[in-house]
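Student: What follows is a structure written as structure tokens; I'll ask about it next.
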Amino acid sequence: MKVERIRRNLAAMAERSVTVVFSRQLGISPISLPAENKIKRDTAWEWINASVVWSGPDLRGVIALHLSKKLAAQAGEKLWGEPLDPIQPSDLVDLSRELCNMVAGSLASELSQKGFSGALETPTSPPGPPTGGWPAAPITLEAQWTCWEEPLILDVNLGPSL
Amino acid sequence: MNPPKILTVDDSKTIRLLIRRILRPFSVDLYEASNGEEALEVARQEHPQLIILDYNMPVMDGVTMLGHLREDALLKPIPVIMLTAESSSHIIAAVARLGARDYLTKPFQSSSLLAKIIKVIPLAPISPEATP
Numbered sequence: 005m006k007v008e009r010i011r012r013n014l015a016a017m018a019e020r021s022v023t024v025v026f027s028r029q030l031g032i033s034p035i036s037l038p039a040e041n042k043i044k045r046d047t048a049w050e051w052i053n054a055s056v057v058w059s060g061p062d063l064r065g066v067i068a069l070h071l072s073k074k075l076a077a078q079a080g081e082k083l084w085g086e087p088l089d090p091i092q093p094s095d096l097v098d099l100s101r102e103l104c105n106m107v108a109g110s111l112a113s114e115l116s117q118k119g120f121s122g123a124l125e126t127p128t129s130p131p132g133p134p135t136g137g138w139p140a141a142p143i144t145l146e147a148q149w150t151c152w153e154e155p156l157i158l159d160v161n162l163g164p165s166l
Numbered sequence: 217m218n219p220p221k222i223l224t225v226d227d228s229k230t231i232r233l234l235i236r237r238i239l240r241p242f243s244v245d246l247y248e249a250s251n252g253e254e255a256l257e258v259a260r261q262e263h264p265q266l267i268i269l270d271y272n273m274p275v276m277d278g279v280t281m282l283g284h285l286r287e288d289a290l291l292k293p294i295p296v297i298m299l300t301a302e303s304s305s306h307i308i309a310a311v312a313r314l315g316a317r318d319y320l321t322k323p324f325q326s327s328s329l330l331a332k333i334i335k336v337i338p339l340a341p342i343s344p345e346a347t348p
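The listed protein sequences derive, respectively, from chains H and A. If you count the first sequence from 1, you need to add 4 to reach our numbering. If you count the second sequence from 1, you need to add 216 to reach our numbering.
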């Protein structure tokens, strides 16, 4: 019953989590993309990926954020307060991990309000174009936005804790 | 009077740079560490007036570091503000038990962090002559 409530509300929770992080930390509200305008997960964009494992006694899963390198650089300028010269690839990876960490933290807080407590692990950064996540997970979400006209994808895959 | 020493502990360079930017207008000696173990070493050497501490970090997390800090008679009185994406009640309870002065969740507004810092230590703006 509680799991069904999560499934029903996950898109709205993800939307709120991404919006609060981007508006509070970067001063911009990402524009949500409808399903028919899906961004292609291919090499046309230079992707930076970050993911965080969230686990609790009932549910566990992975929250992954994928953004273009250009978006990461613009977000970086906002957060760092100045352009880093030169920007190292590791700076963009670090920034993406931190954004993913914040989005996951906000989502974890929403999940906790619905009765699912859990803790976050340290974010990691898988290389390459974003994969589609974990299709076997009972609760999945793919949400997409544009931000400064650059792509932003959030994948949430949750399943029962073992 | 010497400027207050603040130690920022976060594995994310992004957050360390952000805090550096927030504190830039103030006369502060800022120290940085990327995990709890490194931070304990800096704290023993520098005795900061405030520690801003993340929770999730490699090598040594924030709660473990806070525990070590409280076991050390010299470091025990240093006030700690937790700054973390974690909002689980058991982690908030753990850091409260260990005497963290305040708790702020990421994402955060610069003004919120500044307000919490000012509640713990007075900050003086950098005088115009000192600005390069």
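For every residue, glycine included, the Cβ atom is placed at its ideal position computed from N, Cα and C.
1. At least one CB of chain H closer than 9 Å to the CB of residue 291/A: is that the case?
2. Grab me the residues of residue 222/A's own chain with a C-beta within less than 8 Å of its C-beta, minus the 5 sequence neighbours each way, in chain order.
3. If we define contact as Cβ-Cβ less than 9 Å, is residue 246/A a contact residue for chain H?
4. In chain order, what residues of the same chain have a beta carbon less than 7 Å from the beta carbon of residue 227/A, not counting five sequence neighbours either side?
5. Quick one: which chain A residues come within Cβ less than 7 Å of residue 106/H?
6. With DSSP as the reference, identify every bridge partner of residue 66/H, one or two as the case may be.
7. Are the C-beta of residue 231/A and some C-beta of chain H separated by less than 9 Å?
8. How far does the alpha helix (DSSP H) with residue 76/H in it reach, from first residue to last?
9. With DSSP run on the structure shown, which of helix, strand or coil describes residue 4/H?
10. DSSP puts residue 247/A in a beta bridge; with which residues?
11. Taking Cβ positions, are residue 225/A and residue 257/A nearer each other than 9 Å?
12. Between the beta-carbon of residue 54/H and the beta-carbon of residue 13/H, is there less than 9 Å?
13. State yes or no: is the beta carbon of residue 263/A nearer than 9 Å to at least one beta carbon in chain H?
14. In angstroms, rounded to a whole number, what distance separates the CA positions of residue 37/H and residue 154/H?
15. Closer than 8 Å, Cβ to Cβ, to anything on chain H: give me those residues from the region 268-284 of chain A, in chain order.
16. Give a yes or no on whether the C-beta atoms belonging to residue 260/A and residue 295/A are separated by under 9 Å.
17. List the endpoints of the continuous alpha helix (DSSP H) containing residue 268/A.
18. Looking only at its own chain, which residues have a Cβ that is under 7 Å from the Cβ of residue 21/H, when we skip the five neighbours before and after it?
19. Which stretch, first to last residue, makes up the alpha helix (DSSP H) that contains residue 30/H?
Tutor: Per the coordinate set shown:
1. no
2. Answer for residue 222/A: 239, 244, 245, 246, 247, 264, 265, 266, 267, 268, 333 and 337, listed in chain order.
3. Chain H, which has no Cβ nearer than 9 Å to the Cβ of residue 246/A, makes this no.
4. 250, 251, 270, 273 and 274
5. 301, 322 and 323
6. 57/H and 161/H
7. For residue 231/A, the answer is yes, since a Cβ of chain H falls inside 9 Å of its Cβ.
8. 73-84
9. It is not possible to answer for residue 4/H, since the shown part of chain H is limited to 5 through 166.
10. 223/A
11. No.
12. no
13. no
14. Going by the C-alpha atoms only, they are around 12 Å apart.
15. 272, 273 and 274
16. Result no, Cβ atoms of residue 260/A and residue 295/A do not sit closer than 9 Å.
17. No alpha helix (DSSP H) holds residue 268/A; the beta strand (DSSP E) holding it covers 266-269.
18. 107, 110, 111 and 114
19. Where residue 30/H is concerned, there is no enclosing alpha helix (DSSP H), given that its DSSP letter is neither H nor E.
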